[in-house]
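Engineer: Would you mind keeping the following structure in view while I ask a few things?
Numbering (full-length UniProt numbering), first residue to last: 1 to 401.
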């Protein structure tokens with residue numbers, strides 16, 4: 001592939017969105033000059049399946065059109081071929097010249113140029129040490145200018161994979177217009193770690209209370225998805241003076257030890273660990289397939305590999321202990337307490353991991369202070385699959401209810 005000088009110059013900027021958009025809009029006009037490029041030319045639907053294009057990758061606008069970015073590569077050496085899965089497959093020669101935008105996350109680009117993009121949202125990376133040095137929590141926090149604003153604080157707690165920034169990348173740009181955002185990595189995810197032997201969701205909740213104390217945040221809305229929603233719920237119950245409103249997304253707060261039996265039978269697995277803590281690329285792909293309504297059957301494993309290496313394969317022992325240490329869903333656990341905060345429950349109508357029965361049970365548990373909103377044609381990750389509707393519902397609730 002021949003890369004023009006203007007294209008090179010644009011890619012050397014730190015603008016993540018503009019670079020992706022430029023590649024998308026210019027791929028169709030680029031001339032292929034190498035046998036290698038011609039050899040690897042494959043139509044998109046041949047490679048990934050005809051319905052894969054519906055999967056909601058980050059989108060960028062140009063005029064009245066919206067382009068869904070499926071696969072983009074950035075370059076370390078501009079003389080090398082670009083590896084791209086938008087219209088064609090092109091092989092790159094240099095090992096780290098490939099930067100993949102896989103199912104969620106971008107393991108290299110995120111840590112090379114994403115920091116500057118997040119800086120434009122008024123966030124900066126901070127490591128917060130608590131428990132006399134025993135626990136270190138990584139959190140994206142408001143920059144000094146943003147921290148001094150009068151906007152309400154919002155804590156975002158991701159689910160049982162990836163990290164805070166990947167988990168909420170579709171919300172941060174919009175939410176940062178209305179809130180002072182705090183986006184931590186859960187303990188044993190991303191760059192958060194602890195030497196404590198505690199492993200329950202209550203331990204996670206206590207860690208984030210201590211983190212907010214260190215950051216001098218005395219009142220905050222809390223939003224959590226899946227496992228993060230359980231942590232958010234515990235925070236609301238344990239620290240009502242701290243937590244204002246709550247948003248629980250796809251979170252099995254009322255689950256029992258038998259909740260996952262139907263799913264495990266359906267996917268022919270003995271334990272939920274198979275999809276939450278995968279040990280192979282095939283298991284990682286299965287977990288992602290279960291989480292979304294879209295068909296990933298033809299999604300190639302080589303795209304999952306960099307995601308697996310960066311996000312799935314770390315702290316596997318500790319993450320296994322987190323699942324085993326959960327109080328929610330454990331045998332003989334006390335009933336889940338009722339919280340008094342106004343709570344928004346957001347749920348995908350086709351969630352295969354936590355069925356809508358759990359959404360109804362949670363609404364009934366909280367009572368009149370709870371509002372339940374379903375997203376049609378959405379699975380376990382409506383914050384990704386229905387991001388515009390998700391963001392609108394959350395903002396409306398947190399600012400105006």
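We treat Cβ as the ideally placed atom computed from N, Cα and C, and that holds for glycine.
Can the beta-carbon of residue 276 be found closer than 8 Å to that of residue 228?
Structural biologist: Taking the chain shown and counting its residues from 1, the one referred to as residue 276 is at position 276. Taking the chain shown and counting its residues from 1, the one referred to as residue 228 is at position 228. No, Cβ-Cβ distance for residue 276 and residue 228 is not below 8 Å.
Engineer: State the Cα-Cα distance for the pair residue 381 and residue 192, rounded to the nearest angstrom.
Structural biologist: Taking the first residue of the chain shown as 1, we reach residue 381 at position 381. Taking the first residue of the chain shown as 1, we reach residue 192 at position 192. Residue 381 and residue 192: Cα-Cα distance of roughly 23 Å.
Engineer: Give the range of the beta strand (DSSP E) segment to which residue 223 is assigned.
Structural biologist: The residue you call residue 223 lines up with position 223 of the chain shown. Note, residue 223: beta strand (DSSP E), 220-225.
Engineer: What is the residue span of the beta strand (DSSP E) that residue 247 lies within?
Structural biologist: One-based indexing of the chain shown puts residue 247 at position 247. That run of the beta strand (DSSP E) goes 243-249.
Engineer: Only counting the same chain, and skipping five residues up and downstream in sequence, which positions put a Cβ closer than 6 Å to that of residue 397?
Structural biologist: Your numbering for residue 397 matches position 397 in the chain shown. So the list reads 344, once near-sequence residues are dropped.
Engineer: Going straight from the alpha carbon of residue 197 to that of residue 137, what length do you get?
Structural biologist: Here the question's residue 197 lines up with position 197 in the chain shown. Here the question's residue 137 lines up with position 137 in the chain shown. Going from the Cα of residue 197 to the Cα of residue 137 covers about 16 Å.
Engineer: Give the DSSP bridge partners of residue 150, in chain order.
Structural biologist: Position 150 of the chain shown holds residue 150. Paired residues: none, contrary to the question.
Engineer: For residue 148, count neighbouring Cβ atoms within 10 angstroms of its own Cβ and tell me buried if that reaches 16, exposed if not.
Structural biologist: As a position in the chain shown, residue 148 is number 148, starting the count at 1. Classification for residue 148: exposed.
Engineer: Quick one: using the 10 Å Cβ neighbour count with 16 as the cut-off for buried, is residue 170 buried or exposed?
Structural biologist: As a first step, residue 170 must be located in the chain shown, where it is residue number 170. Buried.
Engineer: According to DSSP, which residues form a beta bridge with residue 142?
Structural biologist: For the purposes of this step, residue 142 is identified with residue 142 of the chain shown, where counting begins at 1. Residue 142 is bridged to 123.
Engineer: Round the Cβ separation of residue 362 and residue 390 to the nearest angstrom and send it over; I've been treating them as touching at under 8 Å.
Structural biologist: One-based indexing of the chain shown puts residue 362 at position 362. One-based indexing of the chain shown puts residue 390 at position 390. Actually they do not touch by this definition, with Cβ atoms about 17 Å apart.
Engineer: Determine, using beta-carbon pairs with one atom in the segment 348-357 and one in the segment 239-251, whether at least three such pairs fall under 8 Å.
Structural biologist: The segment 348-357 is in contact with the segment 239-251.
Engineer: Would you say residue 236 and residue 222 are within 8 Å of each other, going by their C-beta atoms?
Structural biologist: Taking the first residue of the chain shown as 1, we reach residue 236 at position 236. Taking the first residue of the chain shown as 1, we reach residue 222 at position 222. Contact: yes.
Engineer: Under a Cβ-count criterion, where at least 16 other Cβ atoms within 10 Å of its own Cβ denotes burial, should residue 104 be classed as buried or exposed?
Structural biologist: In the chain shown, the residue the question calls residue 104 occupies position 104. Note that residue 104 scores a pLDDT of 34, beneath 50, so its modelled location is shaky; the value from the coordinates is reported in the next line. Burial call: buried.
Engineer: In its own chain, which residues sit with a C-beta less than 6 Å from the C-beta of residue 202, not counting the 5 before and 5 after it?
Structural biologist: Taking the chain shown and counting its residues from 1, one reaches residue 202 at position 202. 234, listed in sequence order.
Engineer: Is the beta carbon of residue 225 less than 8 Å from the beta carbon of residue 325?
Structural biologist: Position 225 of the chain shown, counted from the start, is the residue given in the question as residue 225. Position 325 of the chain shown, counted from the start, is the residue given in the question as residue 325. No, the Cβ-Cβ distance between residue 225 and residue 325 is not below 8 Å.
Engineer: Taking 8 Å as the limit between beta carbons, can you name the residues of its chain near residue 29, skipping five residues before and five after?
Structural biologist: Counted from its first residue, the chain shown places residue 29 at position 29. Note that residue 29 has pLDDT 38, beneath the 50 cutoff, so the model's placement of it is unreliable and no number is given.
Engineer: Output yes or no for whether 8 Å exceeds the beta carbon distance between residue 349 and residue 376.
Structural biologist: Sequence index remark: in the chain shown, residue 349 carries index 349 (1-based). Sequence index remark: in the chain shown, residue 376 carries index 376 (1-based). Yes, they are a contact pair.
Engineer: What does the alpha-carbon distance come out to for the pair residue 294 and residue 268?
Structural biologist: Here residue 294 refers to the residue found at position 294 when the chain shown is read from its first residue. Here residue 268 refers to the residue found at position 268 when the chain shown is read from its first residue. Roughly 19 Å between the two C-alpha positions.
Engineer: Hey, residue 339 and residue 246 are a contact pair by Cβ (cut 8 Å); roughly how many whole angstroms apart?
Structural biologist: Position 339 of the chain shown, counting from 1, holds the residue named residue 339. Position 246 of the chain shown, counting from 1, holds the residue named residue 246. Going by Cβ atoms, the distance from residue 339 to residue 246 rounds to 7 Å, so yes, they are a contact pair.
Engineer: Below 7 Å, is the gap between the Cβ of residue 239 and the nearest heavy atom of the ligand MN?
Structural biologist: Absence of the ligand MN from the depicted structure is noted, as is the absence of any ligand whatsoever, leaving it without description.
Engineer: Could you give the C-beta distance for residue 179 and residue 163, rounded to a whole number, given that I count them as a contact under 8 Å?
Structural biologist: The residue labelled residue 179 in the question sits at position 179 within the chain shown. The residue labelled residue 163 in the question sits at position 163 within the chain shown. Not a contact, Cβ separation roughly 19 Å.
Engineer: Quick check: what's the CA-CA separation for residue 335 versus residue 261?
Structural biologist: By one-based count along the chain shown, residue 335 stands at place 335. By one-based count along the chain shown, residue 261 stands at place 261. So the alpha carbons of these two residues sit roughly 20 Å apart.
Engineer: Between the beta-carbon of residue 312 and the beta-carbon of residue 127, is there less than 8 Å?
Structural biologist: Start at 1 with the first residue of the chain shown, and residue 312 comes out as number 312. Start at 1 with the first residue of the chain shown, and residue 127 comes out as number 127. No, they are not a contact pair.
Engineer: Under a three-way DSSP split, which group does residue 333 fall into?
Structural biologist: For this step, residue 333 is matched to residue 333 along the chain shown. The answer is coil: DSSP assigns residue 333 none of H, G, I, E or B.
Engineer: Using 8 Å as the threshold, is the C-beta distance between residue 142 and residue 181 below it?
Structural biologist: To locate residue 142, count along the chain shown from 1; it is residue 142. To locate residue 181, count along the chain shown from 1; it is residue 181. It is a contact, given that the beta carbons lie within the stated cut-off.
Engineer: Would residue 399 be called buried (16 or more neighbouring beta carbons within 10 Å of its own) or exposed?
Structural biologist: As a position in the chain shown, residue 399 is number 399, starting the count at 1. Burial call: exposed.
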